[in-house]
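Since the structure comes first, as structure tokens, the remarks are kept for the end.
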Amino acid sequence: MANDSGNGRGVQVADLKRMNARAVLAALRATGPATAPELAALLGITKPTVSASLKRLAAASLVSSLGVRAGGIGRSPEVWETNEHAGVVLALDVGSRVVQAAIGSLSGAVLARSRQPLRDTSPEAVLAAISAATDAVLLESEAWAAATPEPAFTVIGVPGAVNPSDLGIRLATNLPGLSDPMVTAALRDRFGERFDLQKDVYLAARGELRVRPPEARDFVLLTLGRGVGAAIVRDGEPVLGTTGFAGEVGYLPLGPHTTASPDEPALERAASRDGLLAAAARAGLRLDDVGELFSAAASGDQRAVTVLAAEADLVAYALATLVVATNPAGVVLAGSIALHGGDPFCRAVRARLDQRLPFDAPPVEIARTGPEATLLGALAVAAERGWEVLADEIDQPDAGSQSLAPQRAAG
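Last residue of the sequence shown: 837 in this note's numbering, with the numbers rising by one and none dropped.
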């Protein structure tokens, strides 16, 4: 018999019940509406165990009954589904010019949004913009008051490498204030234990995984905007690397004598938005936006055509280093340059990539998540982690996150 005496066996039983409930919840999320017998067969546990777990999940408002399934032989089983409105999650995309925030349901659907410009790249400005964007989206969200007191989980995407062990941010060349240790410390103070920092391109890959077929689990995503970075997706998971540096292709050298510097990513300087516009200026095209460059090329301006051909060469070079190492099923291009270039740019990149490989180049296509890839990916991860947090808190009524109530200045 389980008890709460010194051997701690009672705690072990409680943990086992929580693990069972978490497994049932995960299975129900994966399969969609299902009955207890179906879940028991899927998980390989007894029907009474599943039924008990469903009751505990229902008491916590994490699942709800759809009624009985009619038409079968014998007693009709009850059909259950997850309750995506049992909580909300928070996602932020910290860019070099603006911070975007979104409140989402546990399905990852967007409920409210906000945007906050960055006044400069200092740590103080970054934190102020994150705080303002968070406050604004919490105030805007009608679901905020009706769902849970606080988000179940928060995920923040940043343009830099994030060490998984301590969430330290490095190589944030476009937003150097992020690399100050005070930023991570302040975010911990604001968001508590229910938050995670991730590299923006990894989250963009997560967003792509949500909108692609289940079998599309192996690809390389390259983002081309104010920065240049990549995510290598294997078996449905972005490869982080030991210390979070996987995919930092912006630091690839552009010549045999190029030396690496944390402050001078050679490929990124040449292939990013600013590098592309600088190349256009050298060719005699004074433009403010890469969209104008693609429009000029489409209208037959040979200067623009030449500049974009050189850009496609740089992109193919970066991709070749990734493709020969990982042999992915496909390549996805994201970021403002790729979105403006569209399918014609993808075809140009693939043709050049094919010339650099000893085997056929994989298909190259535009990201399906558009300009919000990172934000949508952050919501997807936050929802996944949010479900885990809520499942772990069953039978723990006092459990909760640090308050994220909008912060107001004194006076």
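We put the beta carbon where it would ideally sit given N, CA and C, even for glycine. Owing to the predicted nature of the structure, the values given are computational and were not obtained by experimental measurement.
- In the structure shown, F579 adopts coil according to DSSP, grouped into three states.
- Apart from sequence neighbours up to five positions away, the residues of its chain that approach P688 with a beta-carbon distance below 8 Å are R596, L597, T599, ordered along the chain.
- Using a 10 angstroms sphere on the CB of L702, the tally of other CB atoms reaches 16 or more, which defines it as buried.
- Boundaries of the alpha helix (DSSP H) around G767: 762-782.
- DSSP places S698 outside both helix and strand once states are collapsed to three, so it counts as coil.
- Across the structure, T508 and L553 are spaced so that their CA atoms are roughly 35 Å apart.
- The Cβ-Cβ distance between L805 and A559 does not fall below 8 Å.
- Ranked by Cα distance from T475, the first of V807, R444, V489 is R444.
- Ranked by how close their Cα comes to the Cα of A777, the residues R523, A738, V749 have A738 in first place.
- Here DSSP, grouped into helix, strand and coil, assigns I820 to coil.
- Between the segment 663-671 and the segment 703-711, the count of C-beta pairs closer than 8 Å stays below three; the two stretches do not touch.
- Beyond the five residues adjoining it in sequence on each side, V749 comes within less than 8 Å, by CB distance, of V646, V757, L779, L783, A787, P788 in the same chain, given in chain order.
- Cα atoms of S721 and T732: separation of roughly 13 Å, rounded to the nearest angstrom.
- As for any alpha helix (DSSP H) of minimum length 4 sitting wholly inside the segment 562-649, the runs are 568-572, 607-617, 626-637, ordered along the chain.
- Excluding residues up to 5 positions away in sequence, V514, I529, G530, S531, S567, A569 lie with their Cβ nearer than 7 Å to the Cβ of L537 in the same chain.
- Following the DSSP letters along the chain, one finds V536 inside the beta strand (DSSP E) bounded by residues 536-543.
- Runs of the alpha helix (DSSP H) spanning 4 or more residues and lying entirely within the segment 489-522 do not occur at all.
- Per DSSP, the continuous alpha helix (DSSP H) segment holding E718 begins and ends at 716-724.
- Each residue's CA atom was taken as its position, placing P682 and A735 some 22 Å apart.
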